[in-house]
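Student: Using our numbering, the first residue of the sequence shown is number 28, and each one after it goes up by one. Just so you know, even glycine gets a beta-carbon here, dropped at the ideal spot from N, CA and C. Computed from a predicted model, the values in this text were never measured in an experiment.
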Amino acid sequence: MCYQIGIPTSLSSGSNRVVALNLSEKALEGTISPYISNLSFLQDLDLSNDSFHGHLLVDFSRLPLLKKLSIRKNHFEGSITQTLSHCRGLQILLAPDNQFYGSFPKSLGSLSELKYLNIGTIPVALANVTKLKRFNIGENQIQGNIPPELGSLTHLMAFSMQMNNLTGTLPESLFNLSALLGLSFMTNQLIGHLPKNAGRFLPNLEQLYMAANNFDGTLWASLSNATRLQVVTAESNKFSGLMPLELGSLSQLRRLYLGRSMLTNVSGSRKLSILTSLTRCRMLEK
Numbered sequence: 028m029c030y031q032i033g034i035p036t037s038l039s040s041g042s043n044r045v046v047a048l049n050l051s052e053k054a055l056e057g058t059i060s061p062y063i064s065n066l067s068f069l070q071d072l073d074l075s076n077d078s079f080h081g082h083l084l085v086d087f088s089r090l091p092l093l094k095k096l097s098i099r100k101n102h103f104e105g106s107i108t109q110t111l112s113h114c115r116g117l118q119i120l121l122a123p124d125n126q127f128y129g130s131f132p133k134s135l136g137s138l139s140e141l142k143y144l145n146i147g148t149i150p151v152a153l154a155n156v157t158k159l160k161r162f163n164i165g166e167n168q169i170q171g172n173i174p175p176e177l178g179s180l181t182h183l184m185a186f187s188m189q190m191n192n193l194t195g196t197l198p199e200s201l202f203n204l205s206a207l208l209g210l211s212f213m214t215n216q217l218i219g220h221l222p223k224n225a226g227r228f229l230p231n232l233e234q235l236y237m238a239a240n241n242f243d244g245t246l247w248a249s250l251s252n253a254t255r256l257q258v259v260t261a262e263s264n265k266f267s268g269l270m271p272l273e274l275g276s277l278s279q280l281r282r283l284y285l286g287r288s289m290l291t292n293v294s295g296s297r298k299l300s301i302l303t304s305l306t307r308c309r310m311l312e313k
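1. Which residues in the same chain have their Cβ closer than 6 Å to the Cβ of residue 224, if we skip the five residues on either side of it in sequence?
2. Name the DSSP beta bridge partners of residue 289, please?
3. For residue 155, which of 183, 170, 163 has the nearest alpha-carbon?
4. Drop a sphere of 10 angstroms on the beta-carbon of residue 101, count the other beta-carbons inside from all chains shown, and report buried for 16 or more, exposed for fewer.
5. What whole-angstrom Cβ distance do residue 215 and residue 231 have, given they're in contact under 8 Å?
6. Cα-Cα, which of 169, 282, 143, 181 is closest to residue 149?
7. Measure the alpha-carbon distance for residue 108 versus residue 83 and round it to whole angstroms.
8. Give the single residue among 218, 172, 90 whose Cα lies nearest to the Cα of residue 67.
9. May I ask you to report which of helix, strand or coil DSSP gives residue 33?
10. Bridge partners for residue 284 per DSSP, in chain order?
11. Considering only DSSP beta bridges, list what residue 79 is partnered with.
12. For residue 224, which three-state DSSP category applies?
13. Under 8 Å Cβ to Cβ from residue 136, same chain only, skipping five residues before and after it: list those, please.
14. Can you tell me which of the three DSSP states residue 136 falls into?
15. Rounded to the nearest angstrom, what separates residue 276 and residue 311 at their Cα positions?
16. Work out the CA separation of residue 228 and residue 256 for me, nearest whole Å.
17. Which one of 246, 205, 208 has the shortest CA to CA distance from residue 221?
18. Would you say residue 117 and residue 94 are within 8 Å of each other, going by their C-beta atoms?
19. Nearest by alpha-carbon distance to residue 235: which of 279, 208, 204 is it?
20. Report the three-state DSSP secondary structure of residue 212 (helix, strand or coil).
21. Can residue 329 and residue 61 be called in contact, C-beta distance under 8 Å?
22. My parser needs the alpha helix (DSSP H) runs of 4 or more residues fully inside the stretch 153-201; what are they?
23. Name the residue from 92, 104, 260 whose alpha carbon lies nearest to the alpha carbon of residue 57.
24. Measure the CB-CB distance between residue 98 and residue 65 and report whether it falls below 8 Å.
25. Smallest Cα separation from residue 3: which of 185, 175, 264?
26. From the DSSP secondary-structure annotation, give me the bridge partner or partners of residue 97.
27. Could you give the residue range of the beta strand (DSSP E) that holds residue 105?
28. If the criterion is Cβ atoms closer than 8 Å, does the pair residue 110 and residue 139 meet it?
29. Hey, out of 273, 144, 282, 268, whose CA is closest to residue 288's CA?
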């Protein structure tokens, strides 16, 4: 059975002051009625985990109070509407697992209150959303490079872009985001060297996932400056040279994956091996 979400006249009137509409996980399908635009007091709209399709015809310019929009895991198509830029107070936008195409509207870079974003592209315009704390684009089919401009998101705490088709080199600017707790770019097609100062400006980083790419060069000892690191995955790359003994100073390290690369264990001039060094990591899982 195919449904169209109908908004009764009694709900479409502003006098009702509906502030939240949750239609998630209702096994609904079909298209979305544009009459949702009449709910001018709406702050929270959740259409996630259904089977809606077609274009998202909601006129968000008529929903100026909207703070949260979740439309993830549907079959919406077309481009993300530019009218969202009128929702100046929007804090959460969740839109992955749809069939959107085209570029992220530059006008959405004006959403200065946005703190949590999960979409299907990496727009350069996001560099203007300076309050953003969480950005998740993982497990999509995203192609292209990672914009270095994202290094200006100084409040970012979690940046997840794993399991895509990203190419090019890793911007050094990402390793200057001192608020980061988690950074994941594993399982892509990224190439090149890690920045020589990787870890030096990441005092809060706890998880670093960079496995299954095409990185080469040295795995720098500067990673040991990220003293709160608990998880490091660097396997299945083309790193070469010595495994950095300095990783043994990471007292909170729980998991370390360095396999399937060209890293070597010891040098003739070194008395310690990486295994001896890691005995100081008391929390390391066996």
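Tutor: Taking the definition as stated:
1. Here residue 224 refers to the residue found at position 197 of the sequence shown. Within the same chain, residue 224 has close Cβ partners 249.
2. Counted from its first residue, the sequence shown places residue 289 at position 262. Answer is 267, bridged to residue 289.
3. By 1-based counting over the sequence shown, the position of residue 155 is 128. Nearest option by C-alpha distance: 183.
4. In the sequence shown, counting from the first residue as 1, residue 101 sits at position 74. Buried, because 16 or more other Cβ atoms sit within 10 Å of the Cβ of residue 101.
5. The residue labelled residue 215 in the question sits at position 188 within the sequence shown. The residue labelled residue 231 in the question sits at position 204 within the sequence shown. Between residue 231 and residue 215 the Cβ distance is about 24 Å, and since that is not below 8 Å, they are no contact.
6. For the purposes of this step, residue 149 is taken as the residue at position 122 of the sequence shown. Comparing Cα positions, the closest option is 169.
7. In the sequence shown, counting from the first residue as 1, residue 108 sits at position 81. In the sequence shown, counting from the first residue as 1, residue 83 sits at position 56. Cα-Cα distance, rounded: 7 Å.
8. The sequence position of residue 67 within the sequence shown is 40, counting from 1. Ranking 218, 172, 90 by Cα distance to residue 67 puts 90 first.
9. For the purposes of this step, residue 33 is taken as residue 6 along the sequence shown, with counting starting at 1. The predicted model places residue 33 with a pLDDT of 47, which falls under 50 and marks its position as unreliable; any figure quoted below should be read in that light. Residue 33 falls in the coil class under three-state DSSP.
10. Within the sequence shown, residue 284 is the residue found at index 257, counting from 1. The partner list for residue 284 (beta bridge, DSSP) reads 260.
11. For the purposes of this step, residue 79 is identified with residue 52 of the sequence shown, where counting begins at 1. DSSP output for residue 79 lists 57 as bridge partner(s).
12. As a working mapping, residue 224 is identified with position 197 in the sequence shown. If DSSP states are grouped into helix, strand and coil, residue 224 belongs with coil.
13. Taking the sequence shown and counting its residues from 1, the one referred to as residue 136 is at position 109. Answer for residue 136: 150, 152, 153, 154, 155, 156, listed in chain order.
14. Position 109 of the sequence shown, counted from the first residue, corresponds to residue 136. Looking at residue 136 - three-state DSSP - the assignment turns out to be helix.
15. Here the question's residue 276 lines up with position 249 in the sequence shown. Here the question's residue 311 lines up with position 284 in the sequence shown. C-alpha separation (whole angstroms): 12 Å.
16. Taking the sequence shown and counting its residues from 1, the one referred to as residue 256 is at position 229. Taking the sequence shown and counting its residues from 1, the one referred to as residue 228 is at position 201. Those two C-alpha atoms are separated by around 13 Å.
17. Locating residue 221 in the sequence shown gives position 194, counting from the first residue. Measuring from the Cα of residue 221, the nearest candidate turns out to be 246.
18. The residue given as residue 117 occupies position 90 in the sequence shown. The residue given as residue 94 occupies position 67 in the sequence shown. It is a contact, given that the beta carbons lie within the stated cut-off.
19. Taking the first residue of the sequence shown as 1, we reach residue 235 at position 208. Comparing Cα-Cα distances from residue 235 to each of 279, 208, 204, the minimum goes to 208.
20. Counting from one through the sequence shown, the residue named residue 212 turns up at place 185. Three-state DSSP puts residue 212 in coil, outside helix and strand.
21. What is shown of the chain runs 28 to 313, which leaves residue 329 out entirely.
22. none
23. In the sequence shown, residue 57 corresponds to position 30, counting from 1. The shortest C-alpha separation from residue 57 is found at 104.
24. Position 71 of the sequence shown, counting from 1, holds the residue named residue 98. Position 38 of the sequence shown, counting from 1, holds the residue named residue 65. No, the Cβ-Cβ distance between residue 98 and residue 65 is not below 8 Å.
25. In the structure as shown, the chain begins at 28 and stops at 313. Residue 3 is therefore absent and cannot be evaluated.
26. What you label residue 97 is simply residue 70 of the sequence shown in a count that begins at 1. Its beta-bridge partners are 73, 121.
27. Mapped onto the sequence shown, residue 105 falls at position 78. First-last of the beta strand (DSSP E) with residue 105: 102-105.
28. Within the sequence shown, the letter at position 83 stands for residue 110. Within the sequence shown, the letter at position 112 stands for residue 139. Against a cut-off of 8 Å, the Cβ pair of residue 139 and residue 110 comes out as no contact.
29. Here residue 288 is taken as the residue at index 261 of the sequence shown, counted from 1. Closest option to residue 288, Cα to Cα, is 268.
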